[in-house]
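Below is one structure, written out as structure tokens; the observations come after it.
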Amino acid sequence: MKSTTVHRPSLLGETPEAIQQAIARFNQPRYRGKQIYKWMHLKNADSFLEMSDLPLAFRQQLEAHFAIKTLRLVVREVSRDGTEKYLWELHDGLRMESVLIPDGQRVTLCISSQVGCALDCQFCATGRMGFSRNLTSGEIVEQVLRAQQLSGRRITNIVFMGMGEPFLNYPRVIQAARILGDPEGLAIANKRITISTSGIIPKIYQFAREKHPYGLAISLHAPNQALREQIMPLAEKFPLDELLASARFYVAQHKRLRITFEYVLLKGVNDEPAHARELVRILSPIRCKLNLIPYNDCGLGFQAPSEERIQKFLEPLLRAPFTVTVRRNRGNDIQAACGQLYVKTEAKKRFIIQPAVSES
Ligand code: SF4
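The structure is reproduced here in structure tokens:
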């Protein structure tokens, strides 16, 4: 059901300077923007009324005109391995998700940058939903604050790898990353913030030229153009050889950084030893790391390879000059992979609440 409450703009995704501008009409001293910013990010305030070092009348004005948090938690699922998945409803009734993955001292939050996605990767549940809209920087930042609140854990790592293509929402994603990494705010180490793109080449060049300090990951998923086009339609517009050239440009701009290539292993599609040999050939000239992710089955007709197939795939990669990791699937019992919670909940909703009505 769509939300009917009046939407007040959130100040959460704004810098202290932008907050100062937004509140200019209230004739407050210049330091108020920073005060409000710190209350939101350091003290995780839910309401302006909590901001006890601001005059009460001003707090009431803020409360009447602006919002802080706008996400409504619809579902929180906790996996046996500690992975947590959150489904959020936005002020306009749309939904998106975040996934928290604890691993010892490291607590990673996988966040969304869009509602749905236009890129239609064949193995991805989010791709099947189509695109609804970009998230605001506030809606991106709020995923982190709320996950910390709910889990009671400090988030140490951020990956923009939830719903959507971050580089198709570039300015808001960069603004959110700046706020998350701000030493006067949440202070997440810049090198622990990773933006993952499926290969929007002009934005990779822009990101490299602007020399952002965040990590960059590219979802590769295929070692040649023909296969990539088959499973990732965006490859027609952004061909593999040009994508690899942009990756080389990125590492040339960042002398000490390497790029991460993500490769989801799909049984019988891209998991042959010949594919691994192609990967060695195309990735060897690039300072990089290859992260292999056995597919998390979500009913789209693809499957994860067996352990035996994974081992065979790994053999040619033993001689590669780059690091290769195989990601342990986390949260399998709650289907904590791209877009899956949303799809599952929507399916339930169709069945239980609106059996005869389409969701679109
Ligand atoms: S894998 Fe990423 S880019 Fe591809 S459809 Fe899914 S969300 Fe979009």
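Just so you know, the numbering used here puts 399 at position 243 of the sequence shown, and the rest follows in order with no gaps.
Every residue, glycine too, gets a C-beta built ideally from N, C-alpha and C.
Values in this document were obtained by computation on a predicted structure and should not be read as measured data.
Using the beta-carbon count (16 or more within 10 Å), is LEU474 buried or exposed?
-> Exposed is the call here.
Please work out which residues of its chain come closer than 6 Å, Cβ to Cβ, to GLY294, disregarding the five sequence neighbours upstream and downstream, and give them in chain order.
-> SER166, LEU168 and GLY169
What is the residue span of the alpha helix (DSSP H) that VAL407 lies within?
-> 396-409
Find the nearest neighbour of ILE442 within the set GLN305, THR481 and TYR406, judged by alpha-carbon distance.
-> TYR406
Taking 8 Å as the line, does the beta carbon of ASP276 fall inside it for any heavy atom of the ligand SF4?
-> yes
How many whole angstroms separate the CB atoms of ILE387 and PHE279, which I take to be in contact at a CB cut-off of 8 Å?
-> 6 Å
Out of curiosity, what's the CA-to-CA distance linking ILE360 and THR416?
-> 13 Å
Separation of GLU428 from ARG465, as counted between CA atoms = 8 Å
Between the Cα of PRO461 and the Cα atoms of TYR419, ALA476 and SER440, which residue gives the shortest distance?
-> TYR419
State the start and end residues of the unbroken beta strand (DSSP E) segment that holds MET285.
-> In the DSSP annotation of this structure, MET285 is not part of any beta strand (DSSP E); the continuous alpha helix (DSSP H) holding it starts and ends at 281-285.
Using a threshold of 8 Å, is the CB atom of GLY283 nearer than that to any non-hydrogen atom of the ligand SF4?
-> yes
Give the DSSP-derived three-state secondary structure of SER288 in the structure shown.
-> strand
What do you reckon, is the C-beta of GLU321 under 8 Å from a heavy atom of the ligand ADP?
-> This structure lacks the ligand ADP; the ligands present are the ligand SF4.
Would you call the region 364-382 and the region 216-231 in contact, with 3 or more CB pairs under 8 Å?
-> no
Measure the Cβ-Cβ separation of THR312 and ARG348 and say whether it is below 9 Å.
-> Closer than 9 Å, so yes.
Examine the Cβ distances between the region 263-280 and the region 313-332 and report whether three or more of them are shorter than 8 Å.
-> yes
Is the beta carbon of LEU435 sitting closer than 9 Å to the one on PRO379?
-> yes
Since THR226 contacts LEU246 with CB under 8 Å, what's their CB separation in whole angstroms?
-> 7 Å
Report all residues from its chain with a CB closer than 8 Å to the CB of ASP338; omit the five preceding and five following residues, and keep chain order.
-> HIS197
Can SER354 and LEU275 be called in contact, C-beta distance under 9 Å?
-> Yes, the pair counts as a contact, with Cβ atoms nearer than the cut-off.
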